[in-house]
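Input: a single structure, listed below in structure tokens.
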Amino acid sequence: MSEKTKKSLKIVSQKEIGKDIYSMWLQADEMADAARPGQFLSLYTRDGSKLLPRPISICEIDRENRRIRLVYRVTGENTGTEAFSRLHAGVPVEVLGPLGNGFPLQEAEGKRVFLMGGGIGIPPMLQTAKELHAEKTAVLGYRDELFLNEEFENFANVFVATEDGSAGTKGNVMDAIRENALEADVIFACGPTPMLRAIKTFAEEKNIPCWISMEERMACGVGACLACVCKSKEVDGHSHVHNKRICKDGPVFLSTEVEL
Amino acid sequence: MSEKTKKSLKIVSQKEIGKDIYSMWLQADEMADAARPGQFLSLYTRDGSKLLPRPISICEIDRENRRIRLVYRVTGENTGTEAFSRLHAGVPVEVLGPLGNGFPLQEAEGKRVFLMGGGIGIPPMLQTAKELHAEKTAVLGYRDELFLNEEFENFANVFVATEDGSAGTKGNVMDAIRENALEADVIFACGPTPMLRAIKTFAEEKNIPCWISMEERMACGVGACLACVCKSKEVDGHSHVHNKRICKDGPVFLSTEVEL
Amino acid sequence: MIKTAVNLAGVELKNPVMTASGTFGSGEEYSEFVDLNKLGAVVTKGVANVPWPGNPTPRIAETSSGMLNAIGLQNPGIDVFCERDIPFLKKYDTRIIVNVCGKTTEDYCEVVERLGNEPVDLLEINVSCPNVKEGGIAFGQDPKALEAITKEVKKYAKQPVIMKLSPNVTDITEMAKAAEAGGADVLSLINTLTGMKIDINRRTFALANKTGGMSGPAVKPVAVRMVYQVAQAVKLPIIGMGGIATAEDALEFLMAGATAVSVGTANFFNPYATEEVVAGIEEFMRRQHVEDISELIGAVK
Amino acid sequence: MIKTAVNLAGVELKNPVMTASGTFGSGEEYSEFVDLNKLGAVVTKGVANVPWPGNPTPRIAETSSGMLNAIGLQNPGIDVFCERDIPFLKKYDTRIIVNVCGKTTEDYCEVVERLGNEPVDLLEINVSCPNVKEGGIAFGQDPKALEAITKEVKKYAKQPVIMKLSPNVTDITEMAKAAEAGGADVLSLINTLTGMKIDINRRTFALANKTGGMSGPAVKPVAVRMVYQVAQAVKLPIIGMGGIATAEDALEFLMAGATAVSVGTANFFNPYATEEVVAGIEEFMRRQHVEDISELIGAVK
Ligand SMILES: Cc1cc2nc3c(=O)[nH]c(=O)nc-3n(C[C@H](O)[C@H](O)[C@H](O)COP(=O)(O)OP(=O)(O)OC[C@H]3O[C@@H](n4cnc5c(N)ncnc54)[C@H](O)[C@@H]3O)c2cc1C
Ligand SMILES: Cc1cc2nc3c(=O)[nH]c(=O)nc-3n(C[C@H](O)[C@H](O)[C@H](O)COP(=O)(O)OP(=O)(O)OC[C@H]3O[C@@H](n4cnc5c(N)ncnc54)[C@H](O)[C@@H]3O)c2cc1C
Ligand SMILES: Cc1cc2nc3c(=O)[nH]c(=O)nc-3n(C[C@H](O)[C@H](O)[C@H](O)COP(=O)(O)O)c2cc1C
Ligand SMILES: Cc1cc2nc3c(=O)[nH]c(=O)nc-3n(C[C@H](O)[C@H](O)[C@H](O)COP(=O)(O)O)c2cc1C
Ligand code: FES
Ligand code: FES
Chain C
102 MSEKTKKSLK IVSQKEIGKD IYSMWLQADE MADAARPGQF LSLYTRDGSK
152 LLPRPISICE IDRENRRIRL VYRVTGENTG TEAFSRLHAG VPVEVLGPLG
202 NGFPLQEAEG KRVFLMGGGI GIPPMLQTAK ELHAEKTAVL GYRDELFLNE
252 EFENFANVFV ATEDGSAGTK GNVMDAIREN ALEADVIFAC GPTPMLRAIK
302 TFAEEKNIPC WISMEERMAC GVGACLACVC KSKEVDGHSH VHNKRICKDG
352 PVFLSTEVEL
Chain X
102 MSEKTKKSLK IVSQKEIGKD IYSMWLQADE MADAARPGQF LSLYTRDGSK
152 LLPRPISICE IDRENRRIRL VYRVTGENTG TEAFSRLHAG VPVEVLGPLG
202 NGFPLQEAEG KRVFLMGGGI GIPPMLQTAK ELHAEKTAVL GYRDELFLNE
252 EFENFANVFV ATEDGSAGTK GNVMDAIREN ALEADVIFAC GPTPMLRAIK
302 TFAEEKNIPC WISMEERMAC GVGACLACVC KSKEVDGHSH VHNKRICKDG
352 PVFLSTEVEL
Chain Z
41 MIKTAVNLAG VELKNPVMTA SGTFGSGEEY SEFVDLNKLG AVVTKGVANV
91 PWPGNPTPRI AETSSGMLNA IGLQNPGIDV FCERDIPFLK KYDTRIIVNV
141 CGKTTEDYCE VVERLGNEPV DLLEINVSCP NVKEGGIAFG QDPKALEAIT
191 KEVKKYAKQP VIMKLSPNVT DITEMAKAAE AGGADVLSLI NTLTGMKIDI
241 NRRTFALANK TGGMSGPAVK PVAVRMVYQV AQAVKLPIIG MGGIATAEDA
291 LEFLMAGATA VSVGTANFFN PYATEEVVAG IEEFMRRQHV EDISELIGAV
341 K
Chain H
41 MIKTAVNLAG VELKNPVMTA SGTFGSGEEY SEFVDLNKLG AVVTKGVANV
91 PWPGNPTPRI AETSSGMLNA IGLQNPGIDV FCERDIPFLK KYDTRIIVNV
141 CGKTTEDYCE VVERLGNEPV DLLEINVSCP NVKEGGIAFG QDPKALEAIT
191 KEVKKYAKQP VIMKLSPNVT DITEMAKAAE AGGADVLSLI NTLTGMKIDI
241 NRRTFALANK TGGMSGPAVK PVAVRMVYQV AQAVKLPIIG MGGIATAEDA
291 LEFLMAGATA VSVGTANFFN PYATEEVVAG IEEFMRRQHV EDISELIGAV
341 K
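Protein chains in written order, with the working numbering: chain C, 102 to 361; chain X, 102 to 361; chain Z, 41 to 341; chain H, 41 to 341.
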């Protein structure tokens, strides 16, 4: 059998680290052993009326204590993420994982790398920063309030952009790159689609290999239901059309492979 | 507006007092002030897939601390009652109440009264025993394991029957009455339908006024949906057929009013 | 000032929120929880020409995010109804909509005619109840029968007529068009979806009636789809219902093309639901700077 | 010894539990969670004569105790399917049922004919998919069209044919009889109920396809009712599905008259669901001293 399992994991700790942004550590055991940066977990509510998974990226892995950290945003009232945010340490959560491919760290070893994150796309870049041996520049984009940025300082050179200009460059991650004349040989990025689209264009113009982590509604999380596809340039290996499954073939894709 | 409200009540304490039998105290405030013995509360789960109320009789009222005690049986796996049994002190529960009419204590004041309870029909007889000023004989029927019986000792003369003969009379409440040659002028009873049927027959033969508390599936709990009817001898006041609403016209009926 | 009033066949409702027939009695029980003056309309439980005893119990069963009911249209008959229930509702500043049931076309017409002299604002004809053997759904699943009964009822009706449609059909637009052709003034949908639950331990049906009507949040996607389809197919105003428990749910129906909405099963788990839906719609309108609710009706195409 | 084997048109399944088409791929993904050898059969995702790209995203939405999907039958086409998916499934000791989709009768027949030489045990013809414009549901909502396509498919089929029925009809028994008249060997039901969800904040449909098929526990009462009705109306064995997540759910369908059952949406929230249903049925039989599962099939009348 595989590394993927569905299990009840105990919450080790949880706290609000920004407005509606929660950080949760799970006692994940084998799931933590198997996990790689850029992969994600599917979390399930205990409310029988909310059946589908909430995919959340792995933000950090504590390999020693076999724990996984998730950082997520509560998207609204009466949502699954709101239900998670109300859980206390000691309570079990149903989790399926680890899922997806993760970032191809070997492609960036020793090189100059941008680790770009936008909003709630920032969390997966943290474990990536921790595990990647390279010359790392983290470029983090926020609307206003910062979170996690200080934790990146330990692993990378950090540049911040905020939409309201309250910290770092006023604007987005691309503005931060321009303003600071940053350069890289490889890009790893995660964030909202407009940001990924800008990064993809930038990377292709500069001819820099770039991997982006994508998002779509999911049902199975394991590649069986074909809910979570994105358009791919080449005919895909699975369905022989032009649809890659984000949950299984991704969530991380070479920017040139996919259409946004 | 009326005494009935739907509110989030905090659990003061909960413990298992028998196999699958739980005793829960709720901080009920005005609901406790308004409550009368023989009335019930509707409890709601927080699982959006289980929408309907679980009607539970009021077992005890602590008027000083404004608390209500419920004693209920967990009916199976993945049920609403199982969900309630997992809740701890301090957690809120959605409750609608107080509902129904309650026992007509004035009809029994000063008389010789049987307070008869069978199985999970025993709890409502406790507050009835506490509030009724009369010559009280509690006749309690169990399958095997006893619960609450000691608490009745403070308010009534207690006789017990068990199906397996492990305590008191072997058999049911009627056997206990016969074996101990018990007598009464009025009966108040709650329990499974076969027991109520036997009591009704007994009371009618002896010409003793008898009030029984009945059970049926409920949706609204307030008399609006007509889910919970029982057959009544006379044309009922509400629908002008022969159907009394257990939630509103009952749950306590004069035994001669209803068919079982 | 936010405008929430809507118009159903010439009858103005102060807001689009009403109760779903059969879940709210004639308003009395829930008047202990909500201020009926705040509702657009109260729709009563179905009433027939004579008292009906309804079905044996158990009449309801819980299902995932929903319930089954087979009440069987227990009702006190039109006489008691006119003496007791209408005067009760008249005390409130809300519209009165009477849901009418029957076994034959004549039954329906008798009740409708009788209501002509009563202070009732609209009539809702329930030709879609799956829980009675005769009448009810037989009319609601055949477009020709539906058109015929609509025509007949319209002959006797003094008030505008709402035809209530069953979701247990292949093509809801065909039924809507039949009702429109018959002269209906308003359509309401959906009534309940026919369902069944089996008690595997007792090896029997959970309901004495074997089948029952499914309602509650579980059915909402089917209801929204049908309201949308009907809104594209006919010109009549639509009262949307099926699983509405919150203002967000109600807004889905409005945007799908409903002019008004009914709250049914939700009353059973939240007796304050109707008032909360009214307040929630207003709040949404304020937040999204919508001045007139008509901007939302059919906003998603 | 407990006997759980059932027989579908001459094909014996070691137990009545199979997967619902489209929720289990061709078994590979979930073989990481369950032992396919333990299942009565694996039913594959619908396959067409050529690869289909499916619908734009979002393709799914969550609903109360259910979901909507509008995948649009994305599939690699019959060639890749025969080269890759059938050999994969052949490695396991389970029955292989291939779900077939198409736009025209010819499309269906082409795939069916092609599968004649493959080690496939049964064919399931999906004439009830609500998410594709042509074909699919058009055949599944008209008894004449259903009878005709059944006849046509039977001409080309070497394996027994399962016709999969749509619940989006007025009278499911009429459809069942049409399939029976056309020569179907087995019936499976229900496919998804057409539904819609609106995103009120973005004022748009939650699915790119506007409508989608509703599945999951929410639809179970409708599915059980239809299985029961069909079991009373035709002689063919029935594969029941719609909301099955536990052994208790599966037993409801068996008692209502299904010979076998499929687990669909439940895989998404419990990847171990299929195996757990198998184990749970056995446990129920032991507890209730049922020696042969046939005692349970249609036990509630
Ligand atoms: C691979 C991947 C990794 C992600 N990582 C993170 C992360 O680290 N932190 C974080 O806060 N968010 C992350 N997201 C987004 C997160 O999955 C959604 O915000 C979340 O599912 C919303 O659920 P809800 O209960 O708040 O909303 P609801 O509205 O209750 O959700 C209803 C349904 O829609 C789905 N859904 C809603 N929004 C999204 C979305 N944006 N993407 C996918 N499904 C959605 C839900 O999963 C659920 O099935 C990630 C998404 C993907 C696909
Ligand atoms: C007036 C009244 C007073 C009651 N008092 C008590 C009490 O003090 N203690 C106690 O343990 N039980 C009492 N019951 C029975 C109790 O309501 C049921 O055992 C309980 O609702 C079962 O819910 P569940 O979540 O365990 O079962 P589920 O199977 O999850 O219930 C599904 C649905 O069926 C309903 N239901 C199931 N069994 C019954 C039943 N026997 N009566 C009515 N509805 C039922 C549930 O309320 C729910 O809506 C009373 C019932 C009534 C009508
Ligand atoms: C207990 C109950 C009784 C009902 N009685 C009636 C009725 O008398 N007449 C009618 O037209 N609809 C009746 N209905 C259907 C509702 O009015 C409504 O169409 C349906 O329940 C869907 O809405 P909901 O999901 O909000 O409940 C009844 C529904 C329930 C649950
Ligand atoms: C994501 C998804 C994809 C589906 N694809 C197919 C399909 O390709 N062919 C088919 O006949 N049914 C398909 N179905 C319908 C299921 O096989 C099943 O009939 C339905 O979902 C009801 O069962 P459930 O509630 O257990 O999921 C699909 C269902 C879902 C949820
Ligand atoms: S979520 Fe099922 S294939 Fe990706
Ligand atoms: S539960 Fe609705 S009338 Fe009693």
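Ideal Cβ positions, reconstructed from N, Cα and C, are used throughout, including at glycine.
Residue environment for Ile-230 of chain H: buried (at least 16 other C-beta atoms within 10 angstroms of its C-beta).
If you keep only unbroken beta strand (DSSP E) runs of at least 3 residues inside the region 127-165 of chain C, you get 141-145, 155-158, 161-163. The three-state reading of DSSP puts Ala-218 of chain Z in helix, counting H, G and I together. Annotation: Thr-357 of chain C to Leu-227 of chain Z spans about 52 Å, alpha carbon to alpha carbon. Proximity of Gly-219 of chain X to chain H, defined by a Cβ-Cβ separation below 8 Å, is not satisfied. Rounded to the nearest angstrom, the gap between the Cα atoms of Val-201 of chain Z and Glu-164 of chain Z is 6 Å.
Assignment of Thr-59 of chain H by DSSP, reduced to helix, strand and coil, places it in the strand class. Bridge partners of Glu-236 of chain X according to DSSP: X:Arg-213.
One thing to note: Leu-155 of chain Z has its Cβ no nearer than 8 Å to the Cβ of Arg-135 of chain Z. Val-336 of chain C and Ile-347 of chain C have their C-alpha atoms roughly 15 Å apart. Rounded to the nearest angstrom, the Cβ distance from Met-58 of chain Z to Ala-81 of chain Z is 4 Å, consistent with a contact under 8 Å. The closest CA to that of Cys-321 of chain C, considering only H:Phe-309, H:Leu-53, H:Asn-109, H:Ser-105, is found on H:Phe-309.
If you ignore the 5 residues before and after Asp-148 of chain C, its C-beta comes within less than 7 Å of the C-beta of Ala-184, all in its own chain and listed in chain order. Using a cutoff of 7 Å, the CB of Lys-349 of chain X counts as near ligand 6, since one of the ligand's heavy atoms is closer than that. In the assembly as shown, Asp-134 of chain C is an exposed residue. Its beta-carbon has fewer than 16 other beta-carbons within 10 Å. Annotation: the continuous alpha helix (DSSP H) that includes Arg-279 of chain C extends over 274-280. At a cut-off of 8 Å between beta carbons, Val-330 of chain X contacts chain Z. Residues of chain H with a Cβ closer than 7 Å to the Cβ of Ser-340 of chain C are, in chain order, Pro-91, Gln-114, Asn-115, Pro-116. Excluding the 5 residues flanking it on each side, Phe-204 of chain X has same chain C-beta neighbours closer than 7 Å at Pro-138, Gly-139, Thr-229, Phe-289, Trp-312, Val-353, in chain order. By the Cβ criterion, the region 261-281 of chain H is not in contact with the region 244-252 of chain H, since fewer than three pairs of Cβ atoms, one from each stretch, lie closer than 8 Å. Contact between Arg-164 of chain X and Asp-130 of chain X fails: their C-beta atoms lie close to 11 Å from each other, not under 8 Å. Taking a contact to require three or more Cβ pairs closer than 8 Å, the region 218-234 of chain X and the region 42-58 of chain Z do not qualify as touching. In the displayed model, Gln-115 of chain X falls within a strand according to three-state DSSP.
Taking a cut-off of 5 Å from the heavy atoms of ligand 2, the residues with a C-beta inside it are X:Phe-141, X:Leu-153, X:Arg-155, X:Pro-156, X:Ile-157, X:Ser-158, X:Tyr-173, X:Arg-174, X:Thr-176, X:Thr-180, X:Gly-181, X:Thr-182, X:Ile-221, X:Pro-224, X:Glu-316, X:Arg-318, X:Pro-352, Z:Glu-102.
Distances from the CB of Ser-206 of chain Z to the heavy atoms of ligand 3 are all 7 Å or more.
Residue environment: Ile-159 of chain C is assigned as buried (16 or more neighbouring CB atoms within 10 Å of its CB, all protein chains considered). For Val-194 of chain C, there is no enclosing alpha helix (DSSP H); the enclosing beta strand (DSSP E) has its first and last residue at 193-200. Cβ contact annotation for Tyr-132 of chain Z (same chain, cutoff 7 Å, sequence separation greater than five): Leu-76, Asn-77, in chain order.
The shortest C-alpha to C-alpha distance from Ser-105 of chain H to any of Z:His-329, Z:Pro-261, Z:Ala-306 is the one to Z:Pro-261. Within 7 Å of the C-beta of Ser-143 of chain C there is not a single heavy atom belonging to ligand 4. Counting only runs of 4 or more residues that sit fully inside the region 75-142 of chain H, the alpha helix (DSSP H) segments are 117-120, 126-130, in chain order. The beta carbon of Glu-335 of chain H sits no closer than 8 Å to any beta carbon of chain Z. Leu-327 of chain C places its beta carbon less than 8 Å from that of Gly-94 of chain H.
When rounded, the separation of the alpha-carbon atoms in Ile-278 of chain Z and Ile-137 of chain Z is 14 Å. The alpha carbon of Leu-233 of chain Z has as its nearest neighbour, out of H:Ala-221, H:Ala-101, H:Met-215, H:Pro-207, the alpha carbon of H:Pro-207. Note on Ser-66 of chain H: 16 or more other CB atoms within 10 angstroms of its CB, so buried under the neighbour-count rule.
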